[in-house]
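What follows is a single structure, written as structure tokens, with notes after it.
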């Protein structure tokens, strides 16, 4: 699943409406860390690009709303969701500057795939060399 998180309920509801207008049926939930939306990974690339662009706009608005509510304190925290084999989702805290550099180089989906690969390797270690796998 492609997972999106927003930190403002108004933005979350707007994103859900947008996705439904595109003919999608997003899975939604509310968690301690924010408002969540999940979509299937098998989206057509053109649709995925549209969704990512809209999501990026919402995140900018979210940041402004959070900054207004919390002041500058929100700029000192960033994290990435890690889905464990048992289905639990935990957050790994990441330096905000590092996160900004990462997202300047890879898409949120690519970062998620990278994190999932690391989590799988930690939970199911395979000590053979790569050339033997």
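Numbering (our numbering), first residue to last: 137 to 269. For every residue, glycine included, the Cβ atom is placed at its ideal position computed from N, Cα and C.
Take the alpha-carbon of residue 191 and the one of residue 151: they are about 7 Å apart. Burial check for residue 220: the Cβ neighbour count within 10 Å stays below 16, so the residue is exposed. Per DSSP, residue 243 is not a residue of any beta strand (DSSP E), being assigned neither H nor E. Judged by DSSP in its simplified three-state form, residue 150 adopts helix. According to the DSSP assignment, residue 230 belongs to no beta strand (DSSP E), since it is labelled neither H nor E.
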